[in-house]
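With positions in the sequence shown counted from 1, the corresponding number in my numbering is that position plus 1.
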Amino acid sequence: MSTTSQPPTPSIITAPCTLQTCPLDWALIRYIPSLPGNAFYLALFVPMFLAQVFCGIRYRTWSYLAAMSGGILLEIIGYGGRLMLHSNPFNFSAFLQYLICLTIGPAFMTAAIYICFARVIVVYGASMSRIRPKTYARIFITCDLICLVLQAAGGAITATAGQEQDGLRQTGINIMIAGLASQVVALGSFMILCGDYVWRLKRHVRVVPQPVDGDWKWKGFLIGLAVATLTIFIRSIFRVAELNGGFSSDLANDEVAFMILEGAMMVIAWLAESDVTSPGQPVSGAPPQGVAATGLRKLRRL
């Protein structure tokens with residue numbers, strides 16, 4: 002027989018819950034978030050955001066800047082919410098802040114990946130791509146927007162449902178899962194199309210211009226895009242699995258798994274993708290020297 006205490010109905014509660022007045026099982030997050038762990042990620046994301054804004058202004062990468070800085074800003078707000086939950090795990094506003102911001106933040110960073118890959122295609126040749134470069138960004142950013150709406154709506158419904166509204170809360174969770182699952186499908190489809198483009202390029206293009214093929218910074222940038230895509234993909238799969246069992250599941254209350262598969266994955270994604278670590282690459286309109294002037298003009302128009 003289970004000894005887990007059940008949360009009371011709102012009519013029974015006469016004052017907001019605290020750790021002194023209510024058991025932790027009544028909170029939506031059933032552990033006290035680590036102060037050092039969450040402060041560590043917050044301390045990482047703040048300078049990352051400032052560096053991203055500085056480089057975005059310096060290189061005039063406005064669309065990329067909006068996507069990357071937006072994603073990092075949401076990470077900062079989300080971890081701020083987790084720090085507030087450390088002080089009071091019954092703080093529903095802090096829970097909502099953490100849940101929604103950390104859920105939708107990576108979608109902004111995937112938008113930056115789509116922008117970058119569209120420009121990479123211009124450098125190597127759009128004729129080898131099954132989709133026009135601009136269409137890549139339009140299709141997948143639209144998918145991102147749909148995922149964002151689903152995740153944000155689901156998070157809002159889940160976090161604001163009353164204690165007695167289990168059905169409404171589960172509906173919110175299901176909507177969030179649908180948004181995250183859509184993100185996984187979109188990223189998976191994007192990875193397949195990227196692989197197809199690379200395969201067609203290697204099969205049909207025998208000679209790649211040496212400045213493009215031999216530029217180590219350029220190669221590092223391409224590897225970084227691949228790493229960022231993979232880490233965000235792993236993170237999204239984790240969040241689907243985490244929410245699939247609801248907020249009371251073991252995985253949803255495993256902070257170590259969260260710190261590794263959410264926090265660490267996003268830090269790696271930023272380090273791999275950011276123009277702070279790969280300045281002057283295609284996102285800034287400055288591809289390797291072997292690109293023709295016409296290609297460069299097309300690149301800058303994207």
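The beta-carbon is built from N, C-alpha and C at its ideal position, and this holds for glycine as well. No experiment lies behind these values; they were computed from the predicted model shown.
In this structure, ILE158 sits near LEU169, with a CB-CB distance shorter than 8 Å. When secondary structure is reduced to three states using DSSP, ASN92 falls in the coil class, being assigned neither helix nor strand. For CYS56, the enclosing alpha helix (DSSP H) stretches over residues 36-60. For GLN184, the enclosing alpha helix (DSSP H) has its first and last residue at 167-205. A Cβ-Cβ separation of about 6 Å places LEU43 in contact with ILE77 under the 8 Å criterion. Using a C-beta cut-off of 8 Å, the region 61-71 makes no contact with the region 123-135, since fewer than three inter-stretch Cβ pairs fall below that distance. DSSP places THR230 within a helical segment (H, G or I) once states are collapsed to three. For GLY246, the CB contacts under 7 Å within the same chain, skipping 5 residues up- and downstream, are LEU252 and ALA253 in chain order.
Of the residues assessed, THR19 falls on the exposed side of the cut-off, its CB having fewer than 16 other CB atoms within 10 angstroms. If only uninterrupted alpha helix (DSSP H) runs of at least 4 residues are considered, those enclosed by the region 76-164 are 93-125 and 134-161. The C-beta separation of ALA187 from CYS144 comes to about 4 Å, placing the pair in contact by the 8 Å criterion. For PHE93, same chain residues with a beta-carbon under 8 Å away, outside a window of 5 residues either side, are LEU29, ALA160 and THR161 in chain order.
For ILE269, the enclosing alpha helix (DSSP H) stretches over residues 266-274.
Between the C-alpha atoms of CYS117 and ALA108 there is a straight-line separation of about 15 Å. Annotation: TRP271 to ASP26 spans about 35 Å, alpha carbon to alpha carbon. The alpha carbon of GLY180 has as its nearest neighbour, out of ASN39, HIS205, GLN152 and LEU202, the alpha carbon of GLN152.
The C-alpha of HIS87 lies about 7 Å from the C-alpha of SER35.
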